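Numbered per the numbering used here, the sequence shown spans residues 114 to 322. Glycine included, every Cβ here is placed at the ideal spot set by N, Cα and C. Please read all numbers here as calculations on a predicted model, not as lab measurements.
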Amino acid sequence: MKHAKVGFLMTDEVVSVLGRTPSADVAALLVEHDISGVPVVDADERVLGVVSRTDLLAQDHLTAQDLMTSPAVTVHAEQSVTEAARLITRRGVTRLPVIDDEDRLVGIVTRRDLLRVFLRPDHEIRRVLVEEVLADTMSIGADAVSVRVVDGVVTLAGRLPKSSQIPVALRLTGQLDGVVAVVDRLTAHSDDTRTRTAPLDRGTEDAPP
């Protein structure tokens, strides 16, 4: 099962500014390109921070470096779209600069870009879940589990062979692109999660007097 990577979704033609760029020029770029913010980079294209429209509202005659939010909330191209979406939600930002292993700017990904992935049709989520997760990855037949998907919410119901398979099925389902929540209605034929403790052979030196 493969997950969409940020690198395949990002825009690689990024509008960015240097730290010394005057605030007026930053504002003009935002208007010209109809964007809400720009990464601030150094001479080697390493991301220093981000300047948004909000940062510019009450400021004048300053540079991008004076106004930017730093450190920038960034993401790597090899990270999954799911990770990027969670990061955007958790940090309350609308766009993420995409960086390489040396922190150099290589692209930008926005909340709108990520929403395109999470608008995956329910029938496609169900197909991938049944065919790739349950059948291919876990070797679970379609008759063992009922899969229902409504607006990205997946309900799994049925009885699996072993109880240890339940958390695995739930975890893999939750990691699937487009899934926003998982409802667990699974049971198991046998409980294989009990830990058996072998008798402790303490030897004669630990024996009671």
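Per DSSP, cross-strand counterpart(s) of Val293 | On the sequence shown, residue 293 is found 180 positions in, with the first residue counted as 1. Per DSSP, none; premise fails for Val293.
Identify every run of the alpha helix (DSSP H) within the region 208-283, keeping only runs that are complete inside it and at least 4 residues long; order them along the chain.
-> Fully enclosed alpha helix (DSSP H) runs of 4 or longer: 224-231 and 235-241.
Sub-8 Å separation of Gly271 and Leu299 beta-carbons | Numbered from 1 along the sequence shown, position 158 holds the residue referred to as residue 271. Numbered from 1 along the sequence shown, position 186 holds the residue referred to as residue 299. With contacts defined as CB atoms closer than 8 Å, Gly271 and Leu299 qualify as a contacting pair.
How is His146 classed by DSSP in three states: helix, strand or coil?
-> For the purposes of this step, residue 146 is identified with residue 33 of the sequence shown, where counting begins at 1. Taken through DSSP and simplified to helix, strand or coil, His146 comes out as helix.
Length of the line joining the Cα atoms of Thr187 and Met181 = Residue numbering aside, residue 187 sits at position 74 when the sequence shown is read from its first letter. Residue numbering aside, residue 181 sits at position 68 when the sequence shown is read from its first letter. Whole-angstrom Cα-Cα distance: 14 Å.
Just the C-alpha distance for Val144 and Asp249, rounded to the nearest angstrom, thanks.
-> Against the sequence shown, residue 144 aligns to sequence position 31. Against the sequence shown, residue 249 aligns to sequence position 136. Distance between the alpha carbons of Val144 and Asp249: 49 Å.
Assigned exposure category for Thr167 - 16 Cβ within 10 Å defines buried = Counted from its first residue, the sequence shown places residue 167 at position 54. Its Cβ having fewer than 16 others within 10 Å, Thr167 is exposed.
Short CB-CB distance (under 8 Å) between Ala282 and chain C = The structure shown contains no chain C; it is built from a single protein chain.
Three-state secondary structure assigned by DSSP to Arg203 = On the sequence shown, residue 203 is found 90 positions in, with the first residue counted as 1. For Arg203, the secondary structure class from DSSP, reduced to helix, strand or coil, is helix.
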